[in-house]
Structures are given as C-alpha cells and as structure tokens.
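Residue numbers (the numbering used here): 118 to 358.
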Ligand code: CTP
C-alpha cells in the first residue's frame, strides 16, 4: 500500500555541488542526483507539494515538482532555507565539504617557477544541520550517509550530531550501489530504529523511504490538511508501514 503525502510540503536536495576554483575549474563529485530526483518524483506522485533543490545534474524535472537549480553549497543552503517552512526535508545532495577560500576572478595560470599549486579550502555550510536547527523546524529531517566502512557507527553518529530523525546510509565502493548506479541498497537508521531497504532500483527505494517518512507524520497532517488551507476532503486512510 502506498502511503499518501497529500497536504505535506517536502523539500529535497539532490546532486553534487560545484565549488569554483576559477572561471573554468571547480571542485565537484560524482553524484548523479538520481536518488534525490527519484525521491522528489515519488513524493509528488503521493500528493506532496515538492521543492527540489538541484545541484548541476543532467536529469529531467519530475512531473509536478518545483525545481530550483543551484551550483555551490552556499547557493544550495540559501535555496533550501528559502523553501522553508516545510514538513519534511530530505538532504540527498552530495554537498562538497570544502570549497576554495576564494574563487579566482581570472583563470589560474601555471607560473613556470615550480610544479605545485596550493589551494586554500574552507568548510562549506552544513545545510542539513542548519535545517535541523531552523525555526520552525521541519517535523522530519532526513539525511544521507555514504560510507566505505563502519556504516552503522557513522550513521548513528550523524543522526545524533546533526539532530536528524532518519539517516539513510549506503555502503559506497561496492558494485550495484552508490553514486553512478541505477540501483542502491540503503539502511535507514532512526532513534531505536533500523531498516534495510534493497538492493533495488533507486525509484523503488525512494518509495520505500517515503513510506517510512509518511509513517512518522501525523495522519491529520498528511491526509487531512490541504496546502492551500481549504477544508479537507475525507479520503480513506492509507495504511503506512
Ligand atoms: N550535508 C549537508 N551540507 C554539507 C555536507 C553534507 O547538508 N555541507 C548533508 C548531505 O546532504 C547528506 C549528509 O549531510 O544528507 C551527509 O553528511 P556528511 O557529514 O557530509 O557525510 P560525510 O561526508 O560522509 O561525513 P564525514 O566527513 O563525517 O565522513
């Protein structure tokens, strides 16, 4: 049974961020954005009002989704915070952890008097943590974790440190999973909760993750309240997992 998300506003971030070094170079990563786009598509299909904040990706906008394109972590944070308040934030973006302290206004040239180049990097804003601290806070804040080892340990650490409700963790570096793959396997952690999802196509995982999200929203909120504030139309309640 598919859980309805009618009446909820969901903000999803997806894809990589690009941190500019100079007008022609940047620091990026291999995120395809597929997982976040699949979540946004599935949420819209379930009746949610969806804002998708997307880093640079080559993907079509899912039907019924409001898409905001950004490039850097700072731009992504500004767009995500501007999209609040929301009932749910799902941070599926692979946000760069570091950015050049300053983007050079002109293309960096090889100096000729040595082989190396030292770039000064600074931390980017932690979007997920800033959403979890934001007032009003989304009822559910969901993070992602990509780990190569000790998945449970690091996922639970992230859950506590960033004050999240759920963390969807995956093991990267294994075949059929991760950034550039069509499929994935996730373990979702919450306080006193653990659920393995997949391996399955990312579209299917997105639906299963949203079932866990819907089950944590009050029924009145997801079924009975319309976004535009008009009187609710009673529908048979869906059964969430
Ligand atoms: N995230 C974010 N803003 C950042 C970095 C990460 O919102 N500047 C979010 C991602 O969208 C994802 C989660 O945080 O939901 C990933 O957490 P992160 O701390 O980046 O994970 P790791 O890079 O695996 O952390 P660590 O450096 O501890 O390995």
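Here a beta-carbon is modelled for each residue, glycine too, at the ideal position from N, C-alpha and C.
Strictly by DSSP, which residues pair up with residue 133? Counting from one through the chain shown, the residue named residue 133 turns up at place 16. According to DSSP, residue pairing for residue 133 in a beta bridge involves 211.
Pick helix, strand or coil for residue 120, following the three-state DSSP scheme. Indexing the chain shown from 1 puts residue 120 at position 3. Correct three-state label for residue 120: coil.
Find the nearest neighbour of residue 253 within the set 181, 169, 199 and 286, judged by alpha-carbon distance. Position 136 of the chain shown, counted from the first residue, corresponds to residue 253. Per the Cα distances, 199.
What does the shell around ligand 1 hold, if a residue joins when its beta-carbon is under 5 Å from any heavy atom? 208, 210, 212, 241, 243, 244, 245, 260 and 261
Where in the segment 236-304 do unbroken runs of the alpha helix (DSSP H), each at least 4 residues long, occur, reported from the N-terminal end onward? Given a length threshold of 4 residues, each whole run of the alpha helix (DSSP H) inside the segment 236-304 is given here in chain order: 244-250 and 268-278.
Return helix, strand or coil for residue 125, following the three-state DSSP convention. Within the chain shown, numbered from 1, the residue matching residue 125 stands at position 8. Three-state DSSP puts residue 125 in coil, outside helix and strand.
With a threshold of 6 Å on Cβ separation, who are the neighbours of residue 237 within its own chain once the five nearest residues in sequence on each side are excluded? By 1-based counting over the chain shown, the position of residue 237 is 120. So the qualifying residues of the chain are 218.
Look up residue 144 in the DSSP assignment and give the residues it is bridged to. Here residue 144 refers to the residue found at position 27 of the chain shown. Residue 144 is bridged to 136.
Please classify residue 225: does DSSP put it in a helix, a strand, or coil? Position 108 of the chain shown, counting from 1, holds the residue named residue 225. For residue 225, the three-state secondary structure derived from DSSP is coil.
Close beta carbons around residue 299, own chain, < 8 Å, minus the five adjacent residues each side: Position 182 of the chain shown holds residue 299. These residues qualify, in order along the chain: 151, 318 and 319.
Local Cβ density within 10 Å of residue 182, reported as buried at 16 or more and exposed below that: In the chain shown, residue 182 corresponds to position 65, counting from 1. Classification for residue 182: buried.
Extent of the continuous alpha helix (DSSP H) to which residue 186 belongs: Locating residue 186 in the chain shown gives position 69, where the first residue counts as 1. Careful: residue 186 lies outside any alpha helix (DSSP H), inside the beta strand (DSSP E) at 182-186.
How far does the beta strand (DSSP E) with residue 65 in it reach, from first residue to last? With the chain covering 118 to 358 only, the question about residue 65 has no answer from this structure.
Collapsed DSSP secondary structure at residue 307 in the structure displayed: Within the chain shown, residue 307 is the residue found at index 190, counting from 1. In the three-state scheme derived from DSSP, where H, G and I count as helix and E and B as strand, residue 307 is classed as strand.
Residue 153, DSSP secondary structure in three states: Locating residue 153 in the chain shown gives position 36, counting from the first residue. In the structure shown, residue 153 falls within a helical segment according to DSSP collapsed to helix, strand and coil.
Once the 5 residues before and after residue 143 are set aside, which same chain residues still bring their CB inside 8 Å of it? Locating residue 143 in the chain shown gives position 26, where the first residue counts as 1. So the qualifying residues of the chain are 135, 136 and 137.
Cut-off 8 Å between Cβ atoms - residues of its own chain near residue 153, not counting five sequence neighbours on either side: The residue you call residue 153 lines up with position 36 of the chain shown. Cβ neighbours of residue 153 beyond the five flanking positions: 129, 130, 131, 132, 169, 171, 207, 209 and 210.
Near ligand 2: residue 311 beta-carbon under 8 Å from a heavy atom: Ligand 2 is not part of the structure shown, which contains ligand 1 as its ligands.
Alpha carbons only, please: which of 166, 139 and 155 is nearest the one belonging to residue 122? If you number the chain shown from 1, residue 122 lands on position 5. Of the listed residues, the one whose Cα sits closest to residue 122 is 166.
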